[in-house]
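Residue numbers (the numbering used here): 46 to 421.
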């Protein structure tokens, strides 16, 4: 791989400072580079040699030129493309964030509103591309990048170029590669149907949404053939079995988007995106309503319940209560004595109303903590 890096450096030294390899996929290797003229970081994808030979430089340039015309906030732009030293490459912005694959691997499942938001942004990008006549054909978490909380669809260029090989004499088959990933591949794409349209991307996106919501794709298997067969014949497992908080509307939308026949799916990704948007609005409205009711109920309960202080029973408290009770008894007895014996007599008038009767108060037991009231 060091040889490929040096080869790319030599071929692009007048425009790009190629720094290091970022990663390698089934069709290309990605390198980090710096645009010498504009002082910006870029990602350069170089097609694998056998794929480049089968594709040919002329077809590559023609097909990727169409992809460069796509301009959408949720589509990764293509800055440049070409051939150097037998290498076919194209240049894209370097995204500082992470891929959706990394996000799913880290979080396992995404919050429902977050998953719907990401899916909606990808759907808007695909709908725009489809109206331009461009089908992606390889929608998967690895090709969806997350930056500043927003989704960006990558690899429209390579998908467009490589898909042209499949319709031009089977050159793609000769490389031993297939466009698309079995886990997210529509039934018609899995069986190389020539009449593939945007509803194939819709199916793949629904698989991605399914995985975001429950942590696993709808179909898995021991090998690619088994997975593709299940896409074509097996019923889609309900997401609510795994995660019962998924709204019925979301379950229904995903099930329809994963229909075996394209005719049974949404007519376009745009229609799918509209349904998702309504789900997002309904979900937020319902969530706020439930939260508000819970808050009101909690507040009402707090107001209705007396605020008692739960003090542990102790020997000290028992002694204190006993002492206070004894004091009240003595005070009551003194009051009674006053009523019976302590009324002023005629003789007492000369003494200014002072009664010769006296009340004797017995000693109190000091039951305070640590005897702190002993001075009384």
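No residue lacks a Cβ here, since even glycine has one placed at the ideal position from N, Cα and C.
Please read all numbers here as calculations on a predicted model, not as lab measurements.
I'd like the list of long-range same chain contacts for residue i, defined as Cβ closer than 8 Å, with 5 residues on each side in sequence excluded.
| i | result |
| --- | --- |
| residue 392 | No answer about residue 392 holds up, because its pLDDT of 40 lies below 50 and its placement is not dependable. |
| residue 64 | 76, 77, 78 and 79 |
| residue 465 | Nothing about residue 465 can be read from this structure; the chain reaches only from 46 to 421. |
| residue 233 | 240, 241, 245 and 307 |
| residue 167 | 119, 184, 189, 196, 198, 250 and 253 |
| residue 228 | 185, 252, 262, 264, 265 and 272 |
Measure the CB-CB distance between residue i and residue j and report whether it falls below 9 Å.
| i | j | result |
| --- | --- | --- |
| residue 113 | residue 53 | no |
| residue 243 | residue 303 | no |
| residue 67 | residue 88 | yes |
| residue 73 | residue 91 | yes |
| residue 81 | residue 59 | yes |
| residue 146 | residue 189 | yes |
| residue 266 | residue 187 | no |
| residue 260 | residue 287 | yes |
| residue 142 | residue 84 | no |
| residue 126 | residue 109 | yes |
| residue 320 | residue 311 | yes |
For residue i, write down the residues that DSSP places opposite it in a beta bridge.
| i | result |
| --- | --- |
| residue 91 | 74 and 134 |
| residue 69 | 74 |
| residue 63 | 78 |
| residue 196 | 191 |
| residue 244 | Paired residue(s): none; residue 244 is not in a bridge. |
| residue 85 | 80 |
| residue 323 | Partner(s): none; residue 323 has no beta bridge. |
| residue 316 | Residue 316 is not bridged to any residue. |
Apart from the five residues on each side of it in sequence, which residues of its chain come closer than 6 Å, Cβ to Cβ, to residue i?
| i | result |
| --- | --- |
| residue 424 | Since the first residue of the chain shown is 46 and the last is 421, residue 424 is not available in this structure. |
| residue 257 | 155 and 160 |
| residue 315 | 172 |
| residue 97 | 133 |
Considering only residues of the same chain and omitting the five flanking positions on each side of residue i, which have a CB-CB separation below 7 Å?
| i | result |
| --- | --- |
| residue 169 | 119 and 318 |
| residue 299 | 251, 254, 255 and 284 |
| residue 9 | The first residue shown for the chain is 46 and the last is 421, placing residue 9 beyond what the model contains. |
| residue 194 | none |
| residue 269 | 227 |
| residue 165 | 318, 321, 322 and 325 |
Counting Cβ pairs, one atom from each stretch, are 3 or more of them under 8 Å apart for the stretch 155-169 and the stretch 288-299?
The answer is yes - the stretch 288-299 touches the stretch 155-169, with three or more Cβ pairs under 8 Å.
Entirely within the stretch 89-124 and at least 4 residues each: give me those alpha helix (DSSP H) ranges in chain order.
Entirely contained in the stretch 89-124, the alpha helix (DSSP H) runs reaching 4 residues are, in chain order, 94-100 and 102-113.
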